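Let me begin by presenting the structure, written as structure tokens, before commenting on it.
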Amino acid sequence: MEVSNSEDKINQTLPNQRELAIRDALREAMEEEMLRDERVFLMGEEVGSYDGAYKCSRGMLEKFGPKRVIDAPIAECGFAGVGIGAAMAGLRPIIEFMTFNFSLIAIDQIINTAAKARLMSAGRLSCPIVFRGAGGAAFQLAAQHANSFESFYAYTPGLIVLAPATPYDMKGLLKSAIRDDNPVVFFESELTYSLKGVVPEGEYLVPIGKADLKREGNDLTIISWSKNVFLAEKVADELVAQGVECDLLDLRSLRPLDKEAIFKSVSKTHRVLIIQEQHLFASYGAFLSHLISTEIFDELDAPVGLVSSLEVPMPYSKSLESVVMPSKDRCLKEAWRVLEGVKLS
Amino acid sequence: MDNELITELYRSMLLIRRFEEEAARLYQERKIGGFLHLYIGQEALAVGTASVLDSEDYLVTAYRCHGHYLARGGSARAGMAELLGKVTGCAEGRGGSMHFYDVEKKFMGGWGIVGAHMPLAAGFAFAQKYNQESGATICFLGDGAINIGPFHEAMSLAALWNLPVVFVIENNYFAMGTPLHKTSPTDDLSLRALGYPMARDTVDGHDVFAVRASIHAALTRAREQHLPTLIEAKTYRYRGHSMADPAKYRTKEEVEDWRKRDPILTLGAKLESFGLKTLRDQIDREIEEEILDAVKFAEESPEPDPSTAEKYVYVE
Chain A
5 MEVSNSEDKI NQTLPNQREL AIRDALREAM EEEMLRDERV FLMGEEVGSY DGAYKCSRGM
65 LEKFGPKRVI DAPIAECGFA GVGIGAAMAG LRPIIEFMTF NFSLIAIDQI INTAAKARLM
125 SAGRLSCPIV FRGAGGAAFQ LAAQHANSFE SFYAYTPGLI VLAPATPYDM KGLLKSAIRD
185 DNPVVFFESE LTYSLKGVVP EGEYLVPIGK ADLKREGNDL TIISWSKNVF LAEKVADELV
245 AQGVECDLLD LRSLRPLDKE AIFKSVSKTH RVLIIQEQHL FASYGAFLSH LISTEIFDEL
305 DAPVGLVSSL EVPMPYSKSL ESVVMPSKDR CLKEAWRVLE GVKLS
Chain B
52 MDNELITELY RSMLLIRRFE EEAARLYQER KIGGFLHLYI GQEALAVGTA SVLDSEDYLV
112 TAYRCHGHYL ARGGSARAGM AELLGKVTGC AEGRGGSMHF YDVEKKFMGG WGIVGAHMPL
172 AAGFAFAQKY NQESGATICF LGDGAINIGP FHEAMSLAAL WNLPVVFVIE NNYFAMGTPL
232 HKTSPTDDLS LRALGYPMAR DTVDGHDVFA VRASIHAALT RAREQHLPTL IEAKTYRYRG
292 HSMADPAKYR TKEEVEDWRK RDPILTLGAK LESFGLKTLR DQIDREIEEE ILDAVKFAEE
352 SPEPDPSTAE KYVYVE
């Protein structure tokens with residue numbers, strides 16, 4: 005997918021406002037939190053001498069030393085588990101997965117240990133840890149490196165799951181995640197590490213569990229998260245040109261979910277389009293659709309629209325990949341299905 | 052030999068034995084649900100180990116966890132109440148038999164996925180080293196855990212990062228019902244330490260004094276040099292893998308052979324030979340009272356309030 009031109013609308017740049025690429029926003033978040041709290045450390049493959057597989061930790065080894073920026077061998081189960089144990093023993097680890105595709109090697113540690121320790125110990129253990137890294141498809145990485153795992157992790161009680169889109173939110177939410185006392189799964193995207201946007205100088209936090217209304221309109225609510233927010237923005241642009249004004253809700257936080265923001269917007273527009281990179285089957289978007297359809301059924305003027313990836317592991321060829329992923333055309337088609345019969349002003 | 056030490060070791064082992072026997076009875080009365088894995092026969096391992104730990108040291112184990120919990124000082128009342136799913140249990144009825152905790156005493160569980168607690172143990176040791184604490188971490192595992200991935204990854208990281216952790220294989224010769232010769236090409240399990248590399252030892256797990264010596268040496272290595280150790284302790288469980296297992300895959304003679312070397316009988320006889328029979332009998336009575344008290348406490352305790360079913364998911 006293309007993301008190059010979409011950030012302008014989302015991060016309205018004013019004169020003298022600093023812009024950062026997402027990788028640098030993430031690094032600033034980690035550095036600030038490590039300076040603030042000795043217990044915070046970064047561990048993962050290539051995070052030290054190599055500056056991170058996607059250069060998110062550039063210079064951090066030099067700045068903090070090998071005690072706190074720890075190159076791990078290729079052993080996701082091992083170092084995720086070490087992080088979880090360290091968190092239970094009072095530290096605040098940031099565990100980087102080169103990509104979340106490799107987190108499956110550690111998923112027993114994340115789901116069966118980190119997410120459940122608090123319940124099984126009746127609150128005697130807690131696990132303040134962040135698992136972060138790239139999630140979702142990029143360009144032609146083929147099936148094993150293109151998984152989008154939001155639905156997997158968001159399914160699990162005990163985990164906090166975050167999927168921000170913009171540099172501003174990446175930094176502010178990662179800082180909140182590091183300070184949170186629960187295990188957090190934090191999704192980034194290979195395609196947007198270079199994407200620039202406004203990140204003000206100085207300290208700020210973005211609260212966990214708050215969606216962001218990125219643009220406002222009365223005709224349709226578009227809901228998305230992670231890099232598909234940029235696709236949603238393009239879809240909204242097209243719709244505006246055709247006379248449809250959209251609310252664009254960037255969830256940012258999948259678990260906990262800002263239900264109020266969704267209900268407020270849908271109660272205004274009465275029509276919803278959800279854009280997700282997950283497969284539809286048993287997915288997060290399907291859950292959102294269920295939630296809206298049950299909690300505010302009377303507000304809906306049309307069935308909830310949902311655009312997902314096709315039900316197939318990601319094929320390699322570009323011509324196939326672009327069909328499998330949500331596209332602007334598919335989104336517009338679904339939008340008009342949802343908008344059928346609406347009288348445009 | 053120190054009489055006070057011997058009596059304490061005897062007391063602690065007997066407490067576990069009687070706790071487990073009562074648990075078996077309550078299970079048969081259907082007062083305990085789920086799985087129940089008994090530690091009967093292996094008591095010298097948990098007790099010998101706990102007797103050389105400091106308050107700074109972490110202890111963590113798999114799902115056969117009652118013995119380690121009690122040996123580390125966990126309350127018999129809270130343990131029995133946990134088995135009965137009561138709110139007064141050591142995990143307020145949320146954990147059950149496989150998930151005992153006493154975090155204040157640094158007994159860190161109680162984990163149900165074979166081998167998965169080993170990276171966790173390395174993580175406790177990582178934190179101890181990071182914080183420049185004096186303590187070390189002891190991690191018990193079964194012989195059934197030595198072939199699963201987390202075993203390798205935890206051993207590998209512990210050796211690579213010089214973590215103060217001691218992995219203790221409780222080799223009771225059966226991974227559930229599968230005998231060791233079907234799961235390991237050698238019955239010298241500490242050989243697995245060599246490739247990481249890591250210090251290793253083999254110890255008679257029915258000899259509480261041998262266990263103390265082996266663990267103490269490994270702890271010293273961990274505390275003073277930040278070096279991990281793999282210990283294989285040869286032991287035996289008299290009961291099946293769990294209460295659901297009648298253990299028909301082994302002979303009565305084999306079980307009887309191990310029982311002849313029973314660590315509690317051995318130590319009890321030693322006390323008698325030291326002229327301490329009266330003291331031993333007194334301990335027996337005290338343990339009996341403690342166990343009966345624990346059962347009474349558990350049976351009379353309330354269930355968790357159903358309205359609290361969703362408690363303890365997140366730190367608010």
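Chains as they are written, first to last, in the working numbering: chain A, 5 to 349; chain B, 52 to 367. All C-beta atoms, glycine included, are put in the ideal place defined by N, C-alpha and C. From a predicted model like this one, the values you see are computed outputs, not experimental measurements.
Which same chain residues end up closer than 7 Å to residue i when comparing Cβ atoms and leaving out the 5 residues on each side of it in sequence?
i      : result
E367/B : none
A88/A  : Checking the displayed sequence, the identity of residue 88/A turns out to be Ile instead of Ala. Q113, T117, A118, C131, I133.
V306/B : Y289
P97/A  : F45, M47, G87, A90, A91, I133
A132/B : T139, G140, F348, A349, S352
F106/A : E80
R334/A : V311
V308/A : V276, I278, S293, I296, S297
V7/A   : Confidence is the limiting factor: at V7/A the pLDDT is only 42, short of 50, which leaves the residue's position unreliable, though a coordinate-based value still follows. Taken in chain order, the residues that qualify are L195, T196, L199, K231, F234.
As a quick exercise: from the options, pick the residue whose alpha carbon is nearest that of residue i.
i      : options                        : result
H267/B : Y224/B, S148/B, A210/B, V217/B : V217/B
H168/B : C116/B, R81/B, G186/B          : C116/B
L217/A : P204/A, L39/A, T170/A          : T170/A
W162/B : D153/B, K321/B, Y114/B         : Y114/B
F260/B : L66/B, E94/B, L171/B           : E94/B
G160/B : F191/B, Q179/B, E184/B, Q183/B : F191/B
E242/A : M102/A, S61/A, S331/A, E32/A   : S331/A
S61/A  : A84/A, R43/A, G137/A, V202/A   : G137/A
V342/A : L30/A, G69/A, V270/A, M38/A    : V270/A
Y363/B : M64/A, G82/A, A57/A, A121/A    : A121/A
R243/B : L281/B, L330/B, H232/B         : L281/B
V248/A : G56/A, E344/A, G52/A           : E344/A
G213/A : S193/A, A181/A, E205/A         : A181/A
E361/B : Y172/A, L123/A, A84/A, D302/A  : L123/A
For residue i, which residues from the same chain have a beta carbon less than 8 Å from its beta carbon, with the 5 sequence-adjacent residues on both sides left out?
i      : result
Q309/B : Position check: residue 309/B holds Trp in this sequence, whereas Gln was assumed. Taken in chain order, the residues that qualify are G92, H257, Y287, Y289.
K272/A : N222, T225, D251
V244/A : G221, C250
R68/B  : I91, E94, I315
E299/A : K263, F267
Give me the DSSP bridge partner(s) of residue i.
i      : result
V188/A : V134/A, I164/A
K285/B : N222/B, D255/B
I109/A : DSSP output for I109/A lists no bridge partner at all.
F267/A : None; F267/A has no bridge partner.
L110/B : F158/B, I189/B
So, for residue i: in the same chain, excluding its five sequence neighbours on each side, which residues have a beta-carbon less than 6 Å away from its beta-carbon?
i      : result
E73/B  : I342, V346
T383/B : This structure does not reach residue 383/B, given that chain B is present from 52 up to 367, and the question cannot be answered.
I278/A : I227, G289, L292, L310
D335/B : none
D356/B : none
G144/B : G136, K137, V138, P355
L95/A  : R43
Alpha carbon to alpha carbon, how far is residue i from residue j?
i      : j      : result
I115/A : L163/A : 8 Å
W340/A : D153/B : 59 Å
A320/B : R128/B : 28 Å
F70/B  : T229/B : 27 Å
V188/A : F234/A : 24 Å
S230/A : F143/A : 16 Å
D105/B : S152/A : 46 Å
Y365/B : R128/A : 12 Å
P260/A : V165/A : 7 Å
F135/A : S324/B : 59 Å
E315/A : V327/A : 11 Å
L318/B : D184/A : 50 Å
S185/B : D108/B : 8 Å
A167/A : G82/A  : 25 Å
K13/A  : G201/A : Bear in mind that a pLDDT of 47 at K13/A, under 50, signals an unreliable position, so the model cannot answer this.
K175/A : V165/B : 37 Å
R274/B : H150/B : 28 Å
Quick test of your reading: residue i and residue j, contact by CB under 8 Å. State the CB separation rounded to the nearest angstrom.
i      : j      : result
E281/A : S313/A : 6 Å
G195/B : A226/B : 3 Å
S125/A : A142/B : 6 Å
R272/B : A250/B : 6 Å
A265/A : L253/A : 6 Å
L336/A : V203/A : Wrong, their Cβ atoms sit about 31 Å apart, outside the cutoff.
K67/A  : E35/A  : 7 Å
What in chain E is Cβ-close to residue i, meaning under 8 Å?
i      : result
F175/B : Given the protein chain composition of this structure (A and B), no chain E is represented.
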